[in-house]
Amino acid sequence: MANKKQELTVHQKAALIDYDKPILISASAGSGKTFIMIERIFKYLKDINSKTKERGDLDKIIVLTFTNSAAAEMKDRLFKRISEEIQQSSGDIAIHFRKQIEKLNNAMIGTIDSFCKNIYNKYFERIDLDANLSILEKIEDDAIIYQVIDEKIEDYVSEPQNKYKNIFEALSDNRTFNNLKEDTYKVIQHMLLFPKLDEFPRNKNSEELIKIGEDIDFFILGKEEDDKKYPLEKFIEDMHSLGRKKKYIDIEKQFIDELVSFAKECMEKIIVQKQERGVASFADMERYAYDILSKDNCALAKEMAKDIDMIFIDEYQDTNEMQEAIINTFGVKNLFYVGDIKQSIYKFRNAEPVIFERRLKKYSENINPEDVKKIKDENDYKKIYAKNEGVVIYFDSNFRSSTAITNFVNIVFAKNMTTKFGKVDYENTSMMEGIDRRYYDAIPAVVINETQNLNVKLSAKDIDDNNKPYSAMDALKNVISEKQKKVIEEETSIERQTVNYIKRCIGQDMDDGKGTRKINYGDFAILVRSKNAAKGIVEELQKEQIPYESFLELSEENEDISLFVALLKILDNPYQDISLIQVLLSFFGGFTTEELAIIKKTYVEEVLKGKRDNKQNFHEAFFGYPKKDEIKNKILEFEVFLDKYRNKALSQDVATLIMTIATETGYDAIMMYESIYRIEFFNSFVYYLRGREIGKTIKAFLFAIQDGNLSSVLDDMTKISLKDDCVKIMTIHKSKGLEFPIVILPDTVATKSYSTKDLEYHINLGYGVKIKDPTKRVKTPTFKHNLIKYKNKIEYNEEEMRVYYVALTRAQNHLFILVPQDYQKEQYLPNKCNDLSKLLSNTFMKEKETENDKTAKEETEKEETTKEEETTKGETDIYKSLELKCENYTKNNDKIFIKDFYKPSDLEQEKLQIDYVYPYENTLDVKAKHTASAVQRKEVRENIKEIKVSLNRGKSIDKGIAYHKVLELIDFNKTSLKDVKMQVEKLIEQKFISEGDVNVEHIYNVVNLNIFDKVRQGKAKLLREQRFYYRDSAQNVLYEADTVRDKITIQGVIDAVVVTDDGAIILDYKYSSKDEDILKDVYSEQLRIYKLAIENILNIKVKKTYLYSIVDNTLIDTSDILSF
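For the sequence shown, this note's numbering begins at 2 and goes up steadily by one.
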């Protein structure tokens, strides 16, 4: 990235010039756009305005960012930049910048959402609404919307003269109206993003639609590929005819008019209900802000604009139509847009890259691209764009990636990204220039490998009795065993190749821009399109003991985070219906939907006496449930649960509280069982909160995540928690804005494609539907539906291509890309490219020649072809026998492209097939993460197989759990038998244990052990159920892994640790009747792990370790066998 010490490029300098008109910065990946935005703000603050004769002021600018974390980063970097100037300045300018520092916290630098909320809070009276609206979570917003839709459907379905009869009939299915509900919901969402509702939806007449179809090649490319029997000429003829068929046009228009009208009725009622409840969604806030600013011909916006010198918009490619309209109300000339349409990957969040494209075309009108290419001085921009409405400046210098990486990216996207597909003329406007990096022979800059390529050859003995050759697999079976075959197949799989690449790179030299150093695990990032693609890779990393950090569960939709946020909300205030219901239906509540329905119904019938109140909240029914039955008992248990953790919240921070709830309820075991990276993410989340201001209390946390800020908190967590020496695994979307020395892309084939809908929508074309024929019981798509579907499919594929642009441009030094061998390799039309494998196929495959081409070139190329065949003989190409363009491409002595990186030579392959022996056979079962008890169990299996398992093993385990729970919660200061008995009875009453689970005298004996005397005297601290995570080399932890030097993670829970000034004592409770020697043998290894963990984590010496047999009241000293 660019920084102030770096020489600015001509284009960066041009971005700092005052043009007195809007500036659009089209900034390629890694080109320093944030740095330039900071510099432009700083220049505005420092320079004296020629008109006002004053320096700029933070009170007079608006800076809009895509996320809260981006806004925080912007403020932080601006603070540092201003502070540097203060140190170097004196007099008036120093005083001026000190004032700006004071204003920075309150400056309008934030998201469009926060800006809209500020507008609403100040001027809500202008649209006759109430102040202080709370922001709804999406699930809460959806619940209100669907409730209103249901009520509206109920109103009209019984209406004899239903004015929406057509849509009710067309969208009903066996008297259910799910299709109508879903379509209405979609229309409401579309309306919320549409500035002028009286113009919604944008409709085109038939001739306009046909013209649009011609412009976007619909008549040439719109036919479904798999319909081979449908000639293109016939398709073109049919589509032109369908586009003018009045009957279908009229039916479609009537259907859409009814649906939109019904949705508007629902929307009006939704707004009223939200106002009554004092709530709104983000989309509502944008709508309200636009209504306020645009009212009376934008009177308020124009008045505010008098005090606005400049507006800065970051990540402009992710703007939606409503946000664009809000910005336009001000009519400010000095607009500074920064973005990159090539990185627009958030259409699912309603981003509209066409807005960026539209402004770029507007400002570039009548500009010769060749003139822009020839710019050598920053002032040339003023001359070239003198007559234009705005200025477009392209940033093409990449300060992140090496020249080798940018050359490779340029090759791929110059071929595939065009104005027709991708909305960018990549070859003429976006070719990047990277930075010089030295490469060493061991690891090329870019590696593309095939998976599942066995490279088996047939030999003379591969002939059967009928003189027919065996298949390749039959031949292989004759040479190697099934086990050896499996090894070879695994070695060429995506998972194994990923791990092998990492292992091959570790310890090799790499130029990181500061000098040469060794590659470590922290240099790698594995980027996947979806988290499912990473499952096998995670397992291989564990097997090979490669440390990794997963961010695959990192989103506000994460089920664990969502659940704990809901739980914290009702611990703070239980009268929040959506959060309450979410928790009740979860692991923590244990209720069913049927039970909740019974609660609501019973309350209405017995308490409200049948008088249903639409404003009645569910929490009233839940906590006021009148019956004394099984449901009531569950409600009481849940109230005890809430009271328990509400009390704990008084003395615990959020991180401790969340971890306490997870461990005491066993929820952590569920996370650990279902997904290793699920529990790891949860631990990372807790770690992030620990010690931070937002995690000190529940109220502080809930305040920090209000207004949708949870996603920003999680984004910030990603950046902060990136650990130095472990491989990162995340989705491509999550990697945006980050950079890594080495990027691995194992997920290069699309697993899904655009899904056709009965109701297709495009913001510029309106709606297209399928007409239902009641006689044939089938639906026929209209011309408009076909056209919009085609347009949406193209835009879907464009975004998929941009996703891989983002992925490739995260790499600083090296790229490792995996493509499956059996994937179809051919030339694809650009608009069919929806994954990286297709993009590579398009880029590196030679296009097929026609027969005429072959005839014309046959004689002249014969000699060259012969030489080429001799040169390539014996090579194994990435696309089998097909030839690659740019193979082993070299520029500036940087080898940037290589294929089949792990393909052994014929001799090595032959040996692999015949006598392959995996060199680390003894480490195959060594996992990257262990529990201390699992280590102990493995030791037991090897050394004391003669021990018989008790027939009552299940009961013993249950009782063991009960004793551990009591000893975790009981007060060790109350030592009399009476006190102990009272405490146990209370725990039974609170449902922590059941009657008969424990013997009170056994508990009394533990409480009165002498090792707890110092705790009671205040001279020692008692840690109970102490959870730990400890990393150490495998050879220190696992006896059978003596050849393994890599570190692994051990996790466990220690029953009791007594910590004094001079050391610690570890005590492990055992509910067992085995004799002392057997217990020592069985559990000594587990205690050794505990000792290692405590000494390394707490940095104190463990003086003694004990086992305590609860059944026999025996304290067993194990210190002598642990080499103290």
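For every residue, glycine included, the Cβ atom is placed at its ideal position computed from N, Cα and C. In this text the structure is predicted, and so the values were computed from the model without any measurement.
So if DSSP puts M511 in a beta bridge, which residue, or which two residues, is it bridged to?
Position 510 of the sequence shown, counted from the start, is the residue given in the question as residue 511. Answer by DSSP bridge pairing, in chain order: R518.
Segments of 3+ residues assigned as beta strand (DSSP E) that fall wholly inside the stretch 88-170
110-112
Alpha-carbon spacing of M432 relative to D397, whole angstroms:
Taking the sequence shown and counting its residues from 1, one reaches residue 432 at position 431. Taking the sequence shown and counting its residues from 1, one reaches residue 397 at position 396. Computed Cα separation, rounded: 6 Å.
Distance between beta carbons of K729 and A534, contact taken as under 8 Å:
As a working mapping, residue 534 is identified with position 533 in the sequence shown. As a working mapping, residue 729 is identified with position 728 in the sequence shown. The pair is not a contact, with the Cβ atoms about 15 Å apart (cut-off 8 Å).
Here's a check: name, in chain order, each residue in its chain whose Cβ is nearer than 6 Å to the Cβ of T330, leaving out the five neighbours to either side.
The residue you call residue 330 lines up with position 329 of the sequence shown. Correct list, in chain order: L294, S295, C299 and A302.
Identify, in the order they occur along the chain, each residue of the same chain with its Cβ nearer than 6 Å to the Cβ of S84, setting aside the five sequence neighbours on each side.
As a position in the sequence shown, residue 84 is number 83, starting the count at 1. Counting only Cβ-Cβ distances below 6 Å, and skipping sequence neighbours, we find nothing.
Straight-line Cα distance separating F80 from L1010
Within the sequence shown, the letter at position 1009 stands for residue 1010. Within the sequence shown, the letter at position 79 stands for residue 80. About 59 Å.
Contact under 8 Å by Cβ, A30 with I406
Mapped onto the sequence shown, residue 30 falls at position 29. Mapped onto the sequence shown, residue 406 falls at position 405. Not a contact, by the Cβ cut-off of 8 Å.
By DSSP, does P821 sit in helix, in strand, or in coil?
Taking the first residue of the sequence shown as 1, we reach residue 821 at position 820. The answer is strand: DSSP assigns P821 an E or B state.
Straight-line gap, E996 to Y1109 (C-alpha atoms, nearest Å)
Locating residue 996 in the sequence shown gives position 995, counting from the first residue. Locating residue 1109 in the sequence shown gives position 1108, counting from the first residue. E996 and Y1109: Cα-Cα distance of roughly 23 Å.
What residue range does the beta strand (DSSP E) around F741 cover?
Position 740 of the sequence shown, counted from the start, is the residue given in the question as residue 741. Per DSSP, F741 belongs to the beta strand (DSSP E) from F741 to L746.
Scan the stretch 363-418 and note each continuous alpha helix (DSSP H) run of 4 residues or more that stays entirely inside, going in chain order.
370-374, 381-385 and 404-417
Would you kindly work out how many angstroms separate the C-alpha atoms of E550 and L542, rounded to a whole number?
Taking the first residue of the sequence shown as position 1, residue 550 is located at position 549. Taking the first residue of the sequence shown as position 1, residue 542 is located at position 541. Whole-angstrom Cα-Cα distance: 11 Å.
Within 8 Å, strictly: CB atoms of F313 and F337
One-based indexing of the sequence shown puts residue 313 at position 312. One-based indexing of the sequence shown puts residue 337 at position 336. Yes, these two residues count as a Cβ contact at 8 Å.
Cα separation between A808 and S27?
As a working mapping, residue 808 is identified with position 807 in the sequence shown. As a working mapping, residue 27 is identified with position 26 in the sequence shown. Looking at the two C-alpha atoms, the distance is approximately 19 Å.
Determine the DSSP secondary structure at R1017, reduced to helix, strand or coil.
The sequence position of residue 1017 within the sequence shown is 1016, counting from 1. Correct three-state label for R1017: helix.
Contact belief for G523 with L25 at Cβ below 8 Å, rounded distance in angstroms
Along the sequence shown, read from residue 1 onward, the residue named residue 523 stands at position 522. Along the sequence shown, read from residue 1 onward, the residue named residue 25 stands at position 24. Not confirmed; about 37 Å, so no contact.
Inter-residue spacing [alpha-carbon to alpha-carbon] between N467 and A446
To locate residue 467, count along the sequence shown from 1; it is residue 466. To locate residue 446, count along the sequence shown from 1; it is residue 445. Below a pLDDT of 50, predicted positions are generally treated as unreliable, and N467, at 46, falls in that range; no measurement from the model is reported.
Does DSSP put M731 in a helix, in a strand, or in coil?
In the sequence shown, counting from the first residue as 1, residue 731 sits at position 730. Strand.
State the Cα-Cα distance for the pair T924 and T666, rounded to the nearest angstrom.
Here residue 924 is taken as the residue at index 923 of the sequence shown, counted from 1. Here residue 666 is taken as the residue at index 665 of the sequence shown, counted from 1. For T924, the predicted model reports a pLDDT of 35, less than 50, meaning its position is unreliable and no value from the coordinates is stated.
Give me, in chain order, the residues of the same chain whose beta-carbon lies closer than 7 Å to that of R803; leave out the 5 immediate sequence neighbours on both sides.
Translated into positions along the sequence shown, residue 803 becomes position 802. Excluding residues within five positions, the ones whose Cβ falls inside 7 Å are K343, Q344, S345 and I346.
Given a cut-off of 8 Å, decide if E138 and I1128 are closer than it, judged by their beta-carbon atoms.
As shown, the chain starts at 2 and ends at 1125. That puts residue 1128 outside it, with no answer to give.
Spatial neighbours of V1058 in its chain, beta-carbon cut-off 6 Å, leaving aside the 5 residues before and after
One-based indexing of the sequence shown puts residue 1058 at position 1057. Cβ neighbours of V1058 beyond the five flanking positions: L1024, Q1027, A1065 and I1067.
Taking the continuous beta strand (DSSP E) assigned at G244, which residues delimit it?
Counting from 1 along the sequence shown, the entry for residue 244 is found at position 243. That residue, G244, is in no beta strand (DSSP E); its alpha helix (DSSP H) goes L233 to G244.
Name the two residues that bound the continuous beta strand (DSSP E) containing L564.
The count along the sequence shown starts at 1 and reaches residue 564 at position 563. From DSSP, L564 is part of no beta strand (DSSP E) but of the alpha helix (DSSP H) over E560 to D573.
Tell me the rounded alpha-carbon separation between E353 and E322.
Start at 1 with the first residue of the sequence shown, and residue 353 comes out as number 352. Start at 1 with the first residue of the sequence shown, and residue 322 comes out as number 321. Roughly 7 Å separates the two Cα atoms.
From what residue to what residue does the beta strand (DSSP E) around M311 run?
Counting from one through the sequence shown, the residue named residue 311 turns up at place 310. M311 -> beta strand (DSSP E) spans M311 to I314.
Could you please give the first and the last residue of the uninterrupted alpha helix (DSSP H) stretch that includes Y427?
Along the sequence shown, one-based indexing puts residue 427 at 426. Counting along the chain, the alpha helix (DSSP H) containing Y427 begins and ends at Y427 to T430.
Could you compute how far the alpha carbon of N351 sits from the alpha carbon of H97?
One-based indexing of the sequence shown puts residue 351 at position 350. One-based indexing of the sequence shown puts residue 97 at position 96. Using only the alpha carbons, I get a separation of about 41 Å.
Among V967, I146, F686 and I632, whose alpha-carbon lies nearest the alpha-carbon of Y186?
Taking the sequence shown and counting its residues from 1, the one referred to as residue 186 is at position 185. Comparing Cα positions, the closest option is I146.
I764 to N835 span [Cα, whole Å]:
As a working note, residue 764 is residue 763 in the sequence shown. As a working note, residue 835 is residue 834 in the sequence shown. Computed Cα separation, rounded: 22 Å.
What's the C-alpha gap between K212 and N793?
The residue you call residue 212 lines up with position 211 of the sequence shown. The residue you call residue 793 lines up with position 792 of the sequence shown. Roughly 17 Å between the two C-alpha positions.
To the nearest angstrom, how far is the alpha carbon of F845 from that of F414?
If you number the sequence shown from 1, residue 845 lands on position 844. If you number the sequence shown from 1, residue 414 lands on position 413. Using only the alpha carbons, I get a separation of about 12 Å.
Output needed for K570: all residues of its chain with C-beta closer than 7 Å, excluding positions within five of it in sequence on either side, in chain order.
For the purposes of this step, residue 570 is taken as residue 569 along the sequence shown, with counting starting at 1. Answer for K570: Q577, S580 and L703, listed in chain order.
Pick helix, strand or coil for T664, following the three-state DSSP scheme.
For the purposes of this step, residue 664 is taken as residue 663 along the sequence shown, with counting starting at 1. DSSP places T664 in helix when its eight states are reduced to three.
Just to check my reading of the structure: T320 and I356 have Cβ atoms closer than 8 Å, yes? What is that Cβ distance to the nearest angstrom?
By one-based count along the sequence shown, residue 320 stands at place 319. By one-based count along the sequence shown, residue 356 stands at place 355. Sure, about 5 Å apart at Cβ, within 8 Å.
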